[in-house]
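Residues -35 to -1, 1 to 465 (mature numbering (1 follows the signal peptide of the UniProt record, and there is no 0)) make up the sequence shown, in order.
Presented below is the structure to which this report refers.
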Amino acid sequence: METFTKSVTRLSLAQLLLITLTVLLYVTSPPCVAAAQAELPRGFKATPDPSIQTFQPLLTDPTGNFSLGFLRVNKTQLALALLHVPSSDPFWLANPTQLARWSDRTTLLFNGSIVLLDPQSRVFWSTLTETGDRVAILDTSNVQIQTTQDNVLWQSFDFPTNTLVQNQNFTSTMKLVSSNGLYSMRLGNDFMGLYAKFKPGSNADQIYWKHKAMEVKAQVVEGKGPIYARVEPDGFIGMYQTGNPAPVDIQPFMTYPRLINGLRKVRLEPDGNLKAYYWGGSNWALDFQAIATTCELPSPCGSFGLCEAGNSSCSCLDNQTEFRSGECFPVQSGDFCGSGWGEISSFWVLRRNGVELPYKELMGYKTMSSYGECERTCESNCSCWGAVYNNGSGFCYLIDYPIQSLVGVGDESKMGYFKVREGAGRKKINVGVGVGIGVVCVALLIFIGVVGVWRFRAWRRKRGGAGKRFMGQDGGVSPGPYKDLGSASFKSIEIVGQNS
């Protein structure tokens, strides 16, 4: 009996030690985040983990190169994003214009549709499919909602954001939009174009780059269907007409016609340029850019900026304001048409010679006899923000959106007239001039103070000498011929103000 008790006691102590170690390990270990899944079944639900600072994966493709999950934006916001895992590069965003909050109230669920919502307030984004059975990512980076019969109800390739990957079709119903929302790429009947949204609230975007199909290998046949574009693995953007496998145009990359082991992508960048890259194993290598030089970009120097054609340096159109933080004057919007009844909003005028628009070949113009006529035409039009006149050709380019960057050229016969909304730019002065004015003011105040002290001391000395002549030894008043001050008369001065 004693032997049995000792063995039980030894066994209990061993068990107690094991339990204690297990508890300690559990308490001191960080909580595990659920691993990303190979597919999302019906009924799947997830919320953001507050401990994650960048990206929370939820779904991966078979190769592990792509992941769908929660991307943290500006610390407090959330986007449902597809990332290229080796580079942490977002290829696709579900809700770029309707960001959710990084909060445990924000929920992603799959109930036949992929839905990102806050159950207590709103739905941020949904695929509106309803009858899907699973969500999967293909090794091409395409996110799909599929049925049990492998039918595809929805796919992310049909809704690109700012990026196209190889073998992804880009149709005439789609558009790429830069991450800042200012620029877009769209297809026309026989061309590819880049557009700028310089006038918020208007659908009349300004085209600043256009590539027409060269039609070398095939012709664009009117009435035979729209064109579409595709990034090809051997290094080019091809344009095709529906139903014809031969390209109507090829825009070659620097690596064309070589096949690259890594993935290719084309992206519309925040500066408005369209660029192609390939993955080299550790970084994205530049392989193509639609706009070759900085000054040909839609607005490289920002609002009221001047890009020097020779060296691509930035300055300001007024030649006085210091170019800082990518702008000269605050970004402006709207027009000068006031509140109605023919009222014209206040503005001041900025003129500059030796300037031209970076995409003037794509802008409309009117032929006029003189610069004065061109200027007066814009001045009297409350929708006009400025005009650029070519004295050689007589072309007058009227600008109906807030002034962006101009290109500085050596030809003084190219003259610009620009409206600046009243108050804009008046407080922004050259820092050197401001410091100089400040130094002069301080020096002037010091000088006035020194002169004042010197004169006060001189007055005191003079007053002290006069007192001695009038005062006796005992401190009384010295004799003298004084008049009765009580009968003296004083003339009052009345300051008359004008009633307003």
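Just so it is clear, CB atoms sit at the ideal spot from N, CA and C, and this is done for glycine as well.
For Leu58, the closest alpha carbon among the candidates Val38, Glu321, Arg341 is that of Val38. A straight line joining the alpha-carbon of Ala169 with that of Asp214 spans about 27 Å. Collapsing the DSSP output to three states places Ser91 in a strand. With respect to the C-alpha of Trp244, the residue from Pro55, Pro51, Leu271, Thr112 having the closest C-alpha is Pro51. Just so you know, the alpha carbons of Asp69 and Gln171 end up roughly 42 Å apart. Under DSSP, Met179 forms no beta bridge with any residue. Counting only unbroken stretches of 3 or more residues, the beta strand (DSSP E) elements lying wholly within the region 35 to 107 are 42 to 49, 54 to 58, 72 to 75, 79 to 83, 87 to 91, 99 to 102, in sequence order. In the same chain as Leu315, and ignoring 5 residues on each side of it, the C-beta atoms closer than 7 Å to its own belong to Leu282, Asp283, Phe383, Val385, in chain order.
Cys260 sits in a helix when the DSSP states are folded into three classes. Relative to the Cα of Ala250, the nearest Cα in the group Phe163, Phe9, Gly227 belongs to Gly227. Residue pairing by DSSP places Tyr354 opposite Cys361, Met380 in a beta bridge. Around the beta carbon of Lys230, 16 or more other beta carbons sit within 10 angstroms, so the residue counts as buried.
Between the alpha carbons of Ser149 and Glu287 lies a gap of roughly 30 Å. Phe218 has no beta-bridge partner at all, per DSSP.
Collapsing the DSSP output to three states places Cys349 in coil. Rounded to whole angstroms, Asn60 and Ser280 show a C-alpha spacing of 36 Å. Residue range 192 to 197 is occupied by the beta strand (DSSP E) that includes Arg195, with no alpha helix (DSSP H) assigned at that position. The beta-carbon distance between Ser106 and Val130, rounded to whole angstroms, is 5 Å. This is short enough to meet the 8 Å contact definition.
Nearest neighbour of Arg99 by Cα position, chosen from Leu93, Gln111, Phe89, turns out to be Gln111.
The beta carbon of Thr207 sits closer than 8 Å to the beta carbons of Lys189, Gly190, Pro191, Ile192, Tyr193 from its chain, once the five residues preceding and following it are set aside; these are given in chain order. Secondary-structure assignment with DSSP links Gly270 through a beta bridge to Cys281.
Secondary structure of Leu315 (DSSP, three-state): strand. Distance between Ile368 and Leu271, taken at the CA atoms: about 11 Å.
Val186 and Gly77 have their C-alpha atoms roughly 41 Å apart.
Annotated as proximal: Gln2 and Leu23, with beta-carbon spacing under 8 Å. Closest in alpha carbon position to Phe253, among Val372, Gln216, Ser167, Thr259, is Gln216. DSSP places Glu287 outside both helix and strand once states are collapsed to three, so it counts as coil.
In the structure shown, Arg386 adopts extended strand secondary structure according to DSSP, grouped into three states. In the same chain as Val80, and ignoring 5 residues on each side of it, the C-beta atoms closer than 6 Å to its own belong to Leu74, Ser91, in chain order. Secondary structure of Arg232 (DSSP, three-state): strand. Check the Cα spacing between Asp376 and each of Gly8, Ser358, Ile364: the tightest is with Ser358. Just so you know, the alpha carbons of Tyr221 and Thr259 end up roughly 24 Å apart. The DSSP-derived three-state label of Arg341 is helix.
Under a 10 Å Cβ-count criterion, Phe124 is classified as exposed, with fewer than 16 other Cβ atoms of the shown protein chains found around its own Cβ. Inclusion of Ser268 and Cys293 in the CB contact set at 8 Å is warranted, their separation being smaller than that value.
Using a Cβ distance threshold of 8 Å, Thr12 and Thr71 count as a contacting pair.
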